[in-house]
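Notes to accompany the following structure.
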Amino acid sequence: GESVGLHLPTLSVQEGDNSIINCAYSNSASDYFIWYKQESGKGPQFIIDIRSNMDKRQGQRVTVLLNKTVKHLSLQIAATQPGDSAVYFCAESWNNNDMRFGAGTRLTVKP
Amino acid sequence: GAVVSQHPSWVICKSGTSVKIECRSLDFQATTMFWYRQFPKQSLMLMATSNEGSKATYEQGVEKDKFLINHASLTLSTLTVTSAHPEDSSFYICSARDSLAGGRLSYNEQFFGPGTRLTVL
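The listed protein sequences correspond, in order, to chains L and G. Mapping of the first sequence onto the numbering used here: residues 646 to 756, in sequence order. Mapping of the second sequence onto the numbering used here: residues 38 to 158, in sequence order.
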């Protein structure tokens, strides 16, 4: 069936380095993608989103790239900081209502 | 803006009792709210879609008689876990979609609550 998955379950980076978190999706009908950050014991926090008519979108220190050809989504975090340590989820949405979350990647930033 | 609250933030109950969790959109109206369950070190799994003024839509495998959802107003949805058992212990998270955002390009932007930790003894 359709699914959203992540290539890397854990990622450890040095403070100040750039982080790249990847996500693969398989639902060709998905037209909206979101990255969330979840800290321990808290709800998901919106980071950045992108619609299927775009292939790149930038925010503050974050960039999302969408490759519809290979159904791949990535989140790039520039100059990673200790406060960025969390679990990151990608989510795909379709039909303006349905949403599915990926498995999540735990990002650990080493000082 | 776009704040969603949940109450309680954590609850411990005895097996066999029922627990009600509230989800409120504080500064916007939400005709649609979503309930998720998250087990430790796992992703969020959608349990049901809560629609204001109508019955909730449950995902496959979720017992509607066990997880009662009521969405009586545009700012409040409740999830009641009936006859809770230890296997129902989990982190329950709700989200809400802004009813007035239909014209925006963010098709399905959901705002998440802080979650409720349920422990059933």
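Yeah, the Cβ is synthetic: ideal placement off N, Cα and C, and Gly gets one too.
Item: Could you name the residues of the same chain whose beta carbon sits closer than 8 Å to that of residue 707(L), not counting the 5 residues immediately before and after it, in chain order?; Value: 680, 692, 693, 720, 721, 722, 723
Item: Within the same chain, show all residues whose beta-carbon is closer than 7 Å to that of residue 739(L), passing over the 5 residues directly before and after it, in chain order.; Value: 672, 674, 675, 676
Item: Closest to residue 82(G) by C-alpha separation, out of 97(G), 89(G), 133(G), 88(G), would be which residue?; Value: 97(G)
Item: With a cut-off of 8 Å on the beta carbons, I'd call residue 54(G) and residue 69(G) a contact; round off their distance for me.; Value: Rounded, the Cβ-Cβ distance is 29 Å, inconsistent with contact.
Item: Using only the alpha-carbon positions, how far apart do residue 735(L) and residue 746(L) sit?; Value: 6 Å
Item: Are the C-beta atoms of residue 80(G) and some chain L residue less than 8 Å apart?; Value: yes
Item: Return the CA-CA distance between residue 651(L) and residue 106(G), expressed in angstroms with no decimal places.; Value: Here the model assigns residue 651(L) a pLDDT of 40, short of 50, so the residue's position is not dependable, and the following value carries that caveat. Straight-line Cα distance between these residues: approximately 31 Å.
Item: Unbroken beta strand (DSSP E) runs of length 3 or more, entirely within the stretch 56-135 of chain G: which are they?; Value: 56-62, 69-75, 82-88, 104-110, 113-118, 127-134
Item: Beta-carbon of residue 106(G) versus every beta-carbon of chain L: anything under 8 Å?; Value: no
Item: So, helix, strand or coil for residue 729(L), using DSSP?; Value: helix
Item: Buried or exposed: residue 704(L), going by 16 or more other Cβ atoms within 10 Å of its Cβ?; Value: exposed
Item: Return the Cβ separation of residue 63(G) and residue 42(G) in integer angstroms, given the expectation that the two are a contact with Cβ distance under 8 Å.; Value: 6 Å
Item: Would you call the CB atoms of residue 48(G) and residue 116(G) closer than 8 Å?; Value: no
Item: Can you round the beta-carbon distance between residue 127(G) and residue 71(G) to whole angstroms, since I take them to be within the 8 Å contact cut?; Value: That belief does not hold up - the Cβ atoms of residue 127(G) and residue 71(G) are roughly 15 Å apart, past 8 Å.
Item: What does residue 667(L) pair with, by DSSP beta-bridge criteria?; Value: 719(L)
Item: Considering only residues of the same chain and omitting the five flanking positions on each side of residue 95(G), which have a CB-CB separation below 6 Å?; Value: 85, 101
Item: So residue 765(L) and residue 731(L) are supposed to be a Cβ contact under 8 Å. How far apart are they, rounded?; Value: Nothing can be reported for residue 765(L): it is not among the residues displayed for chain L, which extend from 646 to 756.
Item: Say whether chain G places a C-beta atom closer than 8 Å to the C-beta of residue 756(L).; Value: no
Item: Mind listing the chain G neighbours of residue 734(L)? Cutoff is C-beta to C-beta under 9 Å, in chain order.; Value: 80, 81
Item: Starting from residue 713(L) and walking both ways along the beta strand (DSSP E), at which residues does that stretch end?; Value: First-last for residue 713(L): undefined, no H or E at that position.
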